[in-house]
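Student: These protein sequence lines map, in sequence, to chains W and X.
Heads up, the first sequence is in this note's numbering, so the first residue is 1 and it goes up one at a time.
Heads up, the second sequence is in this note's numbering, so the first residue is 1 and it goes up one at a time.
Ideal Cβ placement from N, Cα and C applies to all residues, glycine included.
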Amino acid sequence: DTGVSQDPRHKITKRGQNVTFRCDPISEHNRLYWYRQTLGQGPEFLTYFQNEAQLEKSRLLSDRFSAERPKGSFSTLEIQRTEQGDSAMYLCASSPGLAGAAGELFFGEGSRLTVL
Amino acid sequence: AQTVTQSQPEMSVQEAETVTLSCTYDTSENNYYLFWYKQPPSRQMILVIRQEAYKQQNATENRFSVNFQKAAKSFSLKISDSQLGDTAMYFCAFMDYGQNFVFGPGTRLSVLP
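1. Below 7 Å CB to CB, which residues in the same chain sit around residue 64 of chain W once its five sequence neighbours on both sides are set aside?
2. Between residue 111 of chain X and residue 60 of chain X, what straight-line distance do the alpha-carbon atoms span, to the nearest angstrom?
3. Rounded to a whole number of angstroms, what is the C-alpha to C-alpha distance between residue 40 of chain W and residue 91 of chain X?
4. I need the straight-line Cα distance from residue 42 of chain W to residue 12 of chain W, nearest angstrom please.
5. What span of residues does the beta strand (DSSP E) with residue 65 of chain W cover, start to end?
6. Specify the secondary structure class of residue 69 of chain X as computed by DSSP and reduced to three states.
7. From the DSSP output, read off the bridge partner residues of residue 24 of chain W.
8. Residues of chain W with CB under 8 Å from residue 106 of chain X, in chain order?
9. Fully enclosed by the region 28-73 of chain W, which alpha helix (DSSP H) runs are 4 residues long or longer?
10. Restricting to runs no shorter than 3 residues, where is the beta strand (DSSP E) found entirely within the region 59-109 of chain X?
11. So, does the CB of residue 91 of chain X fall closer than 8 Å to a CB anywhere in chain W?
12. By the DSSP assignment, the beta strand (DSSP E) with residue 47 of chain X in it spans what residues?
Here it is as structure tokens:
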């Protein structure tokens, strides 16, 4: 297992278009997180999954954003009707999700979105 | 809601010297974890060091150590014998027992030759 992988690494789109990002976590990790990171800032939480269940969504996640994790494996993050303010790095991270334990986050390299 | 503050947007240090990055946080929880993550330029974020709040002893990982002051809600990172490869963004992060993570805004560290 080579770690968390994200695809595509970079997406340039025009305002109003839909985009989808994919994340493949480390195979035995049951927790999967999506974060958004703008230049010079820390990651902002968007949503996370415990297996296939989406357990929490940030208020940052407008109804144009949707995330899925079918079968508890890979996850997709879709942004509909993109706006220039959506331009950011979208980070995926996975964790073993051990309750009460220090579940380290393993990050992917991110998917950079540029909305023109 | 928990918040994490890093008051130093940028810092620099000479190679082989020691540098300390500051982090404060706010929470009403008694049990939690604190982390320092490192994000090198154009590379993925990786864990540097973690601290469990119920442990009084400060965590140490080779050249990296923390000064955890629970009452003051302070969690600083000390890097000894700085190396060029330490150049990166450093993020302080808080995690509660529900594994909800909150990250600080980061400190950009430059190690100068």
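Tutor: The short version:
1. 79, 80 and 81
2. C-alpha separation (whole angstroms): 20 Å.
3. 11 Å
4. About 22 Å.
5. From DSSP, the beta strand (DSSP E) with residue 65 of chain W extends over 65-68.
6. strand
7. DSSP lists W/5 as partners of residue 24 of chain W.
8. 40, 41 and 42
9. Here no run is fully enclosed.
10. 64-69, 74-79, 88-96 and 101-103
11. Yes, residue 91 of chain X lies at the interface with chain W (some Cβ there is under 8 Å from its Cβ).
12. 46-52
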